[in-house]
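The numbering of the sequence shown is full-length UniProt numbering, which starts it at 239 and goes up by one.
We put the CB at the ideal spot given by N, CA and C, even for glycine.
Predicted, not measured: the structure shown is a model, and the values here were computed from it.
In what follows, a single structure is set out as C-alpha cells and then discussed.
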Amino acid sequence: RRNSTMLRTDRLDAFYGLFQALFGFTFHVAPGETVALIGSNGAGKSTLLRSIVGSVRTRHDGVLLNDQAIGGDPERKQLNCGIALVPEGRRLFPSLTVLENLQLAARNGRTGPWSIERLMREFPVMQAFQHRPATALSGGQQQLVALSRALVCNPTYLLCDEISLGLSPVAVNEVYDLLGRARNDGLAVVLVEQNVKRALTESDRYYCIQKGRVVLEGSSDSADQAQVAQAYFGI
Ligand code: ATP
Numbered sequence: 239r240r241n242s243t244m245l246r247t248d249r250l251d252a253f254y255g256l257f258q259a260l261f262g263f264t265f266h267v268a269p270g271e272t273v274a275l276i277g278s279n280g281a282g283k284s285t286l287l288r289s290i291v292g293s294v295r296t297r298h299d300g301v302l303l304n305d306q307a308i309g310g311d312p313e314r315k316q317l318n319c320g321i322a323l324v325p326e327g328r329r330l331f332p333s334l335t336v337l338e339n340l341q342l343a344a345r346n347g348r349t350g351p352w353s354i355e356r357l358m359r360e361f362p363v364m365q366a367f368q369h370r371p372a373t374a375l376s377g378g379q380q381q382l383v384a385l386s387r388a389l390v391c392n393p394t395y396l397l398c399d400e401i402s403l404g405l406s407p408v409a410v411n412e413v414y415d416l417l418g419r420a421r422n423d424g425l426a427v428v429l430v431e432q433n434v435k436r437a438l439t440e441s442d443r444y445y446c447i448q449k450g451r452v453v454l455e456g457s458s459d460s461a462d463q464a465q466v467a468q469a470y471f472g473i
C-alpha cells in the first residue's frame, strides 16, 4: 500500500487514561467509498473516530493519511488534512443560529463544492430556519445542520457518528439522502450506525468491532447477516 491515497489505522491502540479501548485496530477507507463500523455499545466505534481526529490518546503512529502519520494532532490540523467529524449528539453551538454554526465551520474549512449557499439551496427548510438558534430545530433538522457543518469544510474524509440516532424514519431518510449526495461527490465516509441493516445498505464495506478489536470485515453486499449479528452480539 505504498503512497496509497487513503485514510487508515495501523495496529492502533487507544486509551482513556489507563483504560485501553482499542487493541491493534487496522482499518482503511479510500475516497469514493463508504465503510460502516458495526458493534454494540462500548465496542469502540466512537473511539476509532476520536482517534482519527486526535481527541483520544493513541500509541505509536497509528493513524495514517496517504501513508503519513497524523495521529495525535489537534482537530484543526485534521480539518486542513480534509477530515471532518459529525460527532455523536450533534454538538451544535446552542447560542448560535443555524447560519452562524455553518459560517463558523466554513471559516475553518477548505474551499470546494460545498458552500453554505448550496446547502441552503438544496435544503429549503434550513434556509427558512437559518436565523433561528440551532437548538430551536427538530432533531432531524439539527442533524442536517450538523452534517452540513461538516460538509462546508469540504472534507475528503467524512466521519459520521450515529447520525440517525433518535430521529423519525422520515428524518433518517433525509439525513441519508444528504449523505448520498456527498458520496456522489466522491467523499470517503466512515459510518457508525446502530441499525445494522441500514449500515450495510449504506456502505461498501464493513468492520464488526467487539471490545476494541475487529472481529469480522468484508464487503457489505455479500455480508452474511447472521454472521454479522453473531459478531455484533458477541455470541
Ligand atoms: P456507543 O454506541 O456507546 O458510542 P462505541 O462503540 O462508540 O459505543 P466507545 O464510545 O468508543 O464505544 O467506547 C469504547 C470503550 O471506551 C467503552 O468501554 C467505554 O466505556 C470507554 N470510554 C469511552 N469514552 C470514555 C471516556 N471518555 N473515558 C473513559 N472511558 C471511555
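Does any heavy atom of ligand 1 sit closer than 6 Å to the C-beta of residue 304?
-> As a working note, residue 304 is residue 66 in the sequence shown. Residue 304: no, Cβ never under 6 Å from ligand 1.
Between 368, 389, 422, which lies nearest to residue 348 when the distance is taken from Cα to Cα?
-> Position 110 of the sequence shown holds residue 348. It is 389 whose Cα lies nearest to the Cα of residue 348.
How big is the Cα-Cα spacing for residue 417 and residue 403?
-> By 1-based counting over the sequence shown, the position of residue 417 is 179. By 1-based counting over the sequence shown, the position of residue 403 is 165. Whole-angstrom Cα-Cα distance: 15 Å.
Cβ-Cβ separation, residue 343 to residue 393 (assumed contact under 8 Å), whole Å | Your numbering for residue 393 matches position 155 in the sequence shown. Your numbering for residue 343 matches position 105 in the sequence shown. Not a contact, Cβ separation roughly 11 Å.
Can you tell which of 462, 445, 465 has its C-alpha closest to the C-alpha of residue 277?
-> Against the sequence shown, residue 277 aligns to sequence position 39. That would be 445, whose Cα lies nearest to the Cα of residue 277.
Pairwise C-alpha distance: residue 251 and residue 213 | Coverage of the chain is limited to positions 239 through 473, which leaves residue 213 absent and any answer about it impossible.
In terms of residue numbering, what span does the alpha helix (DSSP H) encompassing residue 415 cover?
-> By one-based count along the sequence shown, residue 415 stands at place 177. Counting along the chain, residue 415 sits inside the alpha helix (DSSP H) bounded by residues 407–422.
Within 7 Å, strictly: CB atoms of residue 409 and residue 378 = Translated into the one-based positions of the sequence shown, residue 409 becomes position 171. Translated into the one-based positions of the sequence shown, residue 378 becomes position 140. Closer than 7 Å, so yes.
Straight-line CA distance for residue 239 to residue 372?
-> Position 1 of the sequence shown, counted from the first residue, corresponds to residue 239. Position 134 of the sequence shown, counted from the first residue, corresponds to residue 372. Note that residue 239 scores 47 on pLDDT, short of 50, meaning its location in the model is unreliable; the coordinates nonetheless yield the value given after this. Those two C-alpha atoms are separated by around 43 Å.
Completely contained beta strand (DSSP E) runs for the segment 246–311, where each covers 3 or more residues = Here the runs fully enclosed are 257–267, 272–276, 295–297, 301–303.
Same chain only: Cβ atoms within 7 Å of residue 261, ignoring 5 sequence neighbours per side | What you label residue 261 is simply residue 23 of the sequence shown in a count that begins at 1. Around residue 261: 251, 450, 451.
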